[in-house]
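Working notes for the structure below.
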Amino acid sequence: MKKLIFAFTILTMTSLNAQQRSKNDVELTPILGVAFSNYYGEDRLDNQNLSSTQFGADLDFFFNDRWSLRSGLLFQTMGSKVARNYTEKLHYVTVPVNANWHFGSTRKWNLNFGPNFSFLTAADGNGVDIKDEANSFQLGLAYGIGYKIEVNEKFSILIDYQGITGLTDVPKDNYYTIRNTYGSFNIGGVFKL
């Protein structure tokens, strides 16, 4: 028990040190997360959430200790369980371009927002290719909040939530509005470059 308390005390003291960044600092963050997506539109949709895995990497370029530009390359699966026996999966490569505000006395919290650009790589409905029926590009509004746990000056662990609201329709035909909504809980390793 004494060893556990000692280890916790050391970890807490280490994480209390400020890990503030300054102008031109860059952080690379490989991430992995669990995601949930669904469709929304002008009509009420009786769909269920589709769960999936998200992975990729973010890059933060700091303008000062409070603001950075967060971008990256993410591999995401969006879509919905449309009926009990029908599921649509849309596979995207997504590039977010977000303003990232670092706050709190040690700047360990961050709040980010901005556009994201998703490029469709594959789409299927119950295993049948439906890529030709879906738009190949999605513009979305991205937003998120996260917290960094400092391990040392060059490495931290990031825990965050990221959300996306699609602003463009999923289907190519515009008879009705169907758009993606997406959220993911992520963990990542933050490397100061």
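Heads up: the sequence shown runs through residues -18 to -1, 1 to 175, numbered per mature numbering (1 follows the signal peptide of the UniProt record, and there is no 0).
Cβ coordinates follow ideal geometry from the N, Cα and C atoms, glycine included.
Check, Outcome
"Nearest to isoleucine 112 (by Cα), restricted to the options Asn162, Gly38, His73 and Gln58", "His73"
"The segment 101 to 117 / the segment 134 to 142 touching (three or more Cβ pairs under 8 Å)", "no"
"For lysine 113: DSSP bridge partner residues", "Partner(s): none; lysine 113 has no beta bridge."
"Close beta carbons around threonine 159, own chain, < 7 Å, minus the five adjacent residues each side", "Gly23, Glu24 and Asp151"
"Three-state secondary structure (DSSP) of glycine 86", "coil"
"Sub-8 Å separation of leucine 51 and asparagine 82 beta-carbons", "yes"
"Threonine 103 in three-state terms, based on DSSP", "strand"
"Cβ shell of glutamate 9 (< 6 Å), same chain only, five flanking positions each side left out", "Asp42, Val172 and Lys174"
"CA-to-CA distance, asparagine 31 to arginine 66, given in whole angstroms", "12 Å"
"Inter-residue spacing [alpha-carbon to alpha-carbon] between valine 75 and threonine 59", "9 Å"
"CA-to-CA distance, aspartate 40 to proline 97, given in whole angstroms", "14 Å"
"C-beta atoms of lysine 71 and glycine 86 nearer than 8 Å", "no"
"Straight-line gap, threonine 91 to histidine 84 (C-alpha atoms, nearest Å)", "According to the sequence shown, residue 91 is tryptophan rather than threonine. Whole-angstrom Cα-Cα distance: 6 Å."
"Alpha-carbon spacing of leucine 93 relative to arginine 3, whole angstroms", "15 Å"
"Reference serine 166; option with closest CA among Val16, Ile127, Asn6 and Phe99", "Val16"
"Cβ neighbour criterion (16 or more within 10 Å) applied to alanine 124", "buried"
"Residues of its chain near threonine -5, where Cβ-Cβ distance is below 6 Å and the 5 sequence neighbours each way are ignored", "Legend: pLDDT at threonine -5 = 45, less than 50; position of this residue unreliable, value from coordinates given subsequently. Hits under 6 Å: none found."
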